[in-house]
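What follows is one structure encoded as structure tokens, with my remarks underneath.
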Amino acid sequence: MKCLTLLIVIIFSFMTNTVIAEAQVWKVSDNVYSYGNPNLGYFSMFVVTNEGVVVIESINSVHSKAMLGAIKNITNKPVRYLLQSHNHWDHSKGGKVFREQGAKIVAHSEAVEWMKENSHDDLVLPDVVWSGKQKNIVLGDTVIELHYLGMNHGLGMTTFLLPKEKIVYIADIVTPNRLLFSIADFNFREWTRTLIALEKMDFQKTIFSHSHAKSPIGSKLEVIQTREFIEDLQKEIIAEFTKGTSFYAIPNTLKLPKYEKWDFYKEWLPINVWAMMFQMEMGSFPWRSTPMTDETKSKDSQ
Ligand SMILES: [Zn+2]
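For the sequence shown, position 33 matches number 36 in our numbering, and the numbering has no gaps at all.
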């Protein structure tokens, strides 16, 4: 089926609960699609080339099986690669569904080292492990650039750029129309540096792994807005420090009215403030020494 939007009703079973949810396919360009369920808030991307399909982000087996069905409604070409964005279970599970179809699973070594030590029933270890700052996947007429931009969130966080189509897939580090999910595992300094690097990339459309907008498709604007939010948050905290407001009072007194329409403004603003204040006081974390340098070349192991 090649209609612009496919609506598929899928029954999701989560442990003892059964939830009926609507999953959807968005056509992003001639050969690029996003698959996801706005009710569950997770979105993948897939690219149809003349030699097969590349999937980005498996999420879990339930999501992956349903996505595979949606792919088969569009093309009878096989899935050749599954590309994973980072280590976290809520993104990296479900790979088995595509491996059983003959696809190779690809992830950055930083993510794979974590996966080896943190097993899960629905997690399989990738087949292609790459290191360094960039790796290109070429399938048929399509090039997909895998960019590792540093320790912004989780481990091995990879952003995917289709240079010809000018489309990028961004997991977790930008979620439009929502406050920051800053409860854990975000390094603000690296995060800001990464967003500035993304702003310099040549793309027009983005697909976000999570979005509180009407669709997962956005543009560079949301990348800029996320960076501005982080900067505004820090500026307001510094203003409170300057006024002499107590450290412990700031999370409940600081307001950012410019962002009050964003989801979870009330609920998460104090959490965002705490997270930023801790890193301003203690220094950036999580952090560890890493061999990443400009000279580091991409290396594969399979
Ligand atoms: Zn994550």
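Every residue, glycine too, gets a C-beta built ideally from N, C-alpha and C.
Predicted, not measured: the structure shown is a model, and the values here were computed from it.
| field | Contact set for residue 289: own chain, Cβ-Cβ below 8 Å, skip 5 residues either direction | value | Within the sequence shown, residue 289 is the residue found at index 286, counting from 1. If we look at residue 289 and ignore the five residues flanking it on each side, its Cβ neighbours are 154, 188, 190.
| Among residues of its own chain, excluding the 5 on either side of residue 186, which ones have a beta-carbon nearer than 8 Å to its beta-carbon? | Here residue 186 corresponds to residue number 183 of the sequence shown, with the count starting at 1. So the qualifying residues of the chain are 274, 278.
| said: Under 7 Å: does the beta carbon of residue 221 sit that close to some heavy atom of ligand 1? | reply: To locate residue 221, count along the sequence shown from 1; it is residue 218. No, since every heavy atom of ligand 1 falls outside the 7 Å radius drawn around the Cβ of residue 221.
| At a cut-off of 7 Å, is residue 94 close to ligand 1 when judged by its beta-carbon and the heavy atoms of the ligand? | Working through the sequence shown from its first residue, we reach residue 94 at position 91. Yes; taking the cut-off as 7 Å, the Cβ of residue 94 has a heavy atom of ligand 1 nearer than that.
| C-beta atoms of residue 165 and residue 197 nearer than 8 Å | Mapped onto the sequence shown, residue 165 falls at position 162. Mapped onto the sequence shown, residue 197 falls at position 194. No.
| task | Give a yes or no on whether the C-beta atoms belonging to residue 108 and residue 87 are separated by under 8 Å. | result | To locate residue 108, count along the sequence shown from 1; it is residue 105. To locate residue 87, count along the sequence shown from 1; it is residue 84. In contact: residue 108 and residue 87 (Cβ atoms closer than 8 Å).
| Between the segment 170-178 and the segment 197-210, do at least 3 Cβ pairs fall closer than 8 Å? | yes
| query | How about residue 74 and residue 56: are their beta carbons less than 8 Å apart? | reply | The sequence position of residue 74 within the sequence shown is 71, counting from 1. The sequence position of residue 56 within the sequence shown is 53, counting from 1. Yes, Cβ-Cβ distance for residue 74 and residue 56 is below 8 Å.
| query | Is it true that the CB of residue 98 sits closer than 8 Å to the CB of residue 85? | reply | One-based indexing of the sequence shown puts residue 85 at position 82. One-based indexing of the sequence shown puts residue 98 at position 95. Contact: yes.
| task | Within its chain, find whatever has a CB closer than 7 Å to the CB of residue 272; leave out the 5 residues flanking it on each side and keep chain order. | result | Start at 1 with the first residue of the sequence shown, and residue 272 comes out as number 269. Non-local beta-carbon contacts of residue 272 in its own chain, meaning distances under 7 Å to residues more than five positions away in sequence, involve 182, 259 in chain order.
| request: Tell me whether residue 181 sits in a helix, a strand or coil according to DSSP, three-state version. | output: Sequence index remark: in the sequence shown, residue 181 carries index 178 (1-based). Looking at residue 181 - three-state DSSP - the assignment turns out to be strand.
| Looking at residue 89 and ligand 1, is the gap between the Cβ and the nearest heavy atom below 7 Å? | In the sequence shown, residue 89 corresponds to position 86, counting from 1. Yes; taking the cut-off as 7 Å, the Cβ of residue 89 has a heavy atom of ligand 1 nearer than that.
| request: Excluding the 5 residues preceding and the 5 following residue 158 in the sequence, name in chain order all residues of the same chain whose CB lies nearer than 7 Å to its CB. | output: Residue numbering aside, residue 158 sits at position 155 when the sequence shown is read from its first letter. Contacts found: 89, 90, 113, 114, 117.
| query | Can we count residue 156 as close to ligand 1, meaning its CB is less than 7 Å from some heavy atom? | reply | For the purposes of this step, residue 156 is taken as residue 153 along the sequence shown, with counting starting at 1. Answer for residue 156: yes, Cβ within range of ligand 1.
| said: Just verifying my parser: in three-state terms, what is the DSSP assignment at residue 87? | reply: Taking the sequence shown and counting its residues from 1, the one referred to as residue 87 is at position 84. Three-state DSSP puts residue 87 in coil, outside helix and strand.
| request: Report yes if the CB atom of residue 3 is closer than 8 Å to the CB atom of residue 292, and no otherwise. | output: Here the chain covers residues 4 to 305 and nothing more, so residue 3 does not appear.
| message | Cutting at 6 Å between CB atoms, please list the residues of its own chain near residue 45, excluding the five before and the five after it. | response | One-based indexing of the sequence shown puts residue 45 at position 42. Closer than 6 Å at Cβ, skipping near neighbours: 39, 62.
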